[in-house]
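In mature numbering (1 follows the signal peptide of the UniProt record, and there is no 0), the protein residues as written are -25 to -1, 1 to 449.
Idealized CB from N, CA, C, for every residue including glycine.
Fair warning: this is a prediction, and the values are worked out from it, not measured in the lab.
I have placed the structure first, in the form of C-alpha cells, so that the comments after it can refer back to it.
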Amino acid sequence: MLRSSWVNLLLSFSFLLHNAPLVEANFFSRILSFGNDEEKPPQPSGARQASGAMGKVGSIIAFDKGVLMAHLANNNRIPLIGVGVGNAPRHHVSALVAEAVQDDKRVRLIDTSHASGNEELVAEGIIAGAERLGQDEKLEVHVVTKVWYTYLGYERTKISVEESLKSFEVAIHHPKVNLRIHVLLHWPKCFDNIEWMNCAGEEEAMDPMVKAAGPDPTKDPENAWKESWKYLEELYLSDKYPVESIGVSNFHLHDVEKMDRFARIHPHVLQVNLWNLLYDPMLVDYCHKHRIHLQVYNAMHGTVVNARRAPHALHHLQKVSNDLTTSAGLPVTPAQTILAWLVQHGVSVIPRTSKLTRLEENSGVVLSAIPALNDEQVEIVANAVEAYLSGEDMEKDIHVSVTFHAISHDIMLYWLGSDGSETRIDHIWKGETFDEVTYPNHRFRTYNAYNKDEYVDHVIDVNFGEHKNIHVEL
Ligand SMILES: NC(=O)c1ccc[n+]([C@@H]2O[C@H](COP(=O)([O-])OP(=O)(O)OC[C@H]3O[C@@H](n4cnc5c(N)ncnc54)[C@H](OP(=O)(O)O)[C@@H]3O)[C@@H](O)[C@H]2O)c1
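Written out as C-alpha cells, the structure reads:
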C-alpha cells in the first residue's frame, strides 16, 4: 500500500514536473510548468497578486532508501522532510532528534543554527538515534546550521562555522553516523526596522574575542555578508569537512542577485519564511532558474497553529484532508496536507514539534504515503495558506447540509457541543423535515418531544460539500 502510493506519487511528480499545463488560477501548477523558461513573470503589483505570478519552484526529487531527497545544483542531495530544533527547548532536543531518526519516522534532516546554541545536543541526539537503530551501515543524517548576523564578515563567520563544526565533530567521526552538513548565512544583515533585532545591543554583547577577530558587521552591512560568503565558498571547496552545500536564509532577491557579480558558487539552498513562497514570486522564479533549493520555515506556525485566524480556510483545508484520507486509506490532518503540498512541489520543510506523536505525523514515512494532490486541491491549499498568512479569510465557507426527517414522533433537535452541552435548534413535527447547515463530525441529538428519556445521537459522518439525510425513528 505504502510502496504503491510512493510510486504513484513519483509518477505524479514527474508528470507535474514535465507536463504541467499553465492553469490560470493555479499557483503551483504554474510554478511547476518547466515548459517555457523564456516566459518572463509579470511584475508583481502587490502582495495578493503575487500568488498568481508565474514564478517557479521545486527541486527534482527522488527516493533513496525510503527517504525523499531533493537534488541540489551541485548534484549533492538534501532530505526533503526534516525536523526543526533551532527554536526548540534545550531539554527536548537530544531526545527528539534520537527519536526522529528511528525507522518509523526516518527523519534524515535536522535544522538548527549557531545562534540556537544546541548543535552539540543535535550531535548527541543523532549518535543516540544511530546507536538505537543499530544498523550495520552508517546512518546518513543531514544537518542545516546557520551563521548569525553578528558573525558576518570573513573572520567572524570562520569562528561561527568552526564552533558549529566542533559541536558536530563527535557525530562526524562516529562509526555509526555519516553526517552531511549544510551551512547557511542566517540573515544578510541585522535590520534596524525588524522589531526583535537589536543591532547595537547584540554587537555590544558579543564575545570580545569575536569582536577583535573581525569588524562590526553593522558598520558595513552591504558587504559584511559577502565576506562571509567568501569564507563559506572556501569551506565548501576545501573538502576538509562533510559540507554538502552552502546557502543563505532570509535573503531578498536583490541580495542573491548581487551574488552573480562576485560569487564563485551560487547558494545551493535558500531557507525562507513560507510567506516568501507565496508573496515573492520573483525570488522563487530566480531560485528555480538558478537551481537554488527552497526550504521553508513557518510552515506550521504560520498556518494551522493559528487556524482561528481564517476559519473558512480551515474548513476548505479540512475538506482536502478528508478527501486525501479517503484516497490514502489513512488519516490525513490539515497540517499534513500543507506539508504534503510543499514537498510534492520539491520544497523542503523543517517543522518543529515538541510532541513525539507529531514527529511521526510530520515525518517522511507518513507524508510520502499521501497521494499527489490534484490541481483543484493544490489550488485550495494555496488559497487557504494565503488566507492564514494574510489574515484575510477565504471569502466563501463550505459546509455539510443535513435534512432531519421526523419519522415516528414529534422531535426536538439539539446540537451537541464537544463538552457535552446541548443547544436547542428546533421542534420538528412528525412527518416534517428540517434543514441544517453544519460541519463534518459535528454531533446532534434528537429527543422524543414528549419524553426526554427517548433520544438518539447523530454524528455528521459526511464530508464538506455533501448532504446527509437523517431519518429519526424513536
Ligand atoms: N531561518 C530563519 O530565520 C528561521 C526563522 C524561524 C524558524 N526557523 C527554524 O525553522 C524550524 C521550524 O520552526 P518554525 O518557527 O518555523 O515553526 P513551525 O515548524 O512553523 O511551527 C512550530 C509549531 O507548530 C506546531 N506543530 C508542529 N507540527 C504540527 C502538526 N502536525 N499539527 C499542528 N501543529 C504542529 C508545534 O507545536 P507542538 O510543539 O505542540 O507540536 C509548534 O508550536 C526551526 O528549526 C527554527 O529554528 C528558521
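Paired residues, beta bridge with residue i - DSSP
| i | result |
| --- | --- |
| residue 532 | Residue numbering for the chain in the displayed model covers -25 to 449; residue 532 lies beyond these limits and cannot be assessed. |
| residue 39 | 42 |
| residue 53 | 45 |
| residue 331 | Beta-bridge pairing links residue 331 to no other residue. |
| residue 218 | 156 |
| residue 432 | 420 |
| residue 91 | DSSP output for residue 91 lists no bridge partner at all. |
| residue 69 | Note: residue 69 sits in no beta bridge, so no partner. |
| residue 231 | In DSSP, residue 231 forms no bridge with anything. |
| residue 223 | 160, 245 |
Local conformation of residue i per DSSP, three classes
| i | result |
| --- | --- |
| residue 79 | coil |
| residue 186 | helix |
| residue 410 | strand |
| residue 166 | coil |
| residue 241 | coil |
| residue 161 | coil |
| residue 437 | coil |
| residue 108 | helix |
| residue 251 | helix |
| residue 117 | strand |
| residue 338 | coil |
| residue 59 | strand |
| residue 151 | coil |
| residue 307 | coil |
| residue 426 | strand |
| residue 34 | coil |
| residue 277 | coil |
| residue 64 | coil |
Status (buried if at least 16 other CB within 10 Å, exposed otherwise) for residue i
| i | result |
| --- | --- |
| residue 319 | buried |
| residue 118 | buried |
| residue 184 | exposed |
| residue 247 | buried |
| residue 30 | Note on residue 30: pLDDT 34, under 50, position unreliable in the model; no value is reported. |
| residue 125 | buried |
| residue 229 | exposed |
| residue 212 | exposed |
| residue 261 | buried |
| residue 397 | exposed |
| residue 187 | exposed |
| residue 446 | exposed |
| residue 422 | buried |
| residue 386 | buried |
| residue 361 | buried |
| residue 92 | exposed |
| residue 110 | exposed |
| residue 382 | exposed |
| residue 173 | exposed |
| residue 105 | buried |
| residue 332 | exposed |
| residue 128 | buried |
| residue 296 | buried |
| residue 393 | exposed |
| residue 237 | exposed |
| residue 170 | exposed |
| residue 79 | exposed |
| residue 202 | buried |
Check: residue i C-beta below 8 angstroms from any heavy atom of ligand 2
| i | result |
| --- | --- |
| residue 311 | Absent from the structure shown: ligand 2. Ligands present: ligand 1. |
Proximity test, Cβ basis, 9 angstroms: residue i and chain D
| i | result |
| --- | --- |
| residue 50 | In the structure shown, chain D does not exist; there is a single protein chain. |
N-terminal and C-terminal residue of the alpha helix (DSSP H) that residue i is part of
| i | result |
| --- | --- |
| residue 210 | 196 to 213 |
| residue 176 | 174 to 179 |
| residue 296 | 286 to 303 |
| residue 171 | Counting along the chain, residue 171 falls outside any alpha helix (DSSP H), and DSSP gives it neither H nor E. |
Start-to-end residues for the beta strand (DSSP E) that takes in residue i
| i | result |
| --- | --- |
| residue 446 | 442 to 447 |
| residue 84 | 84 to 86 |
| residue 259 | It is not in any beta strand (DSSP E) - residue 259 instead sits in the alpha helix (DSSP H) that spans 256 to 264. |
Whole beta strand (DSSP E) elements within the segment 121 to 145, 3-residue minimum: Taking only runs of at least 3 residues, no beta strand (DSSP E) segment lies wholly in the segment 121 to 145.
Could you give the uninterrupted runs of the alpha helix (DSSP H) lying entirely in the segment 343 to 424, keeping only those of 4 residues or more? 350 to 365
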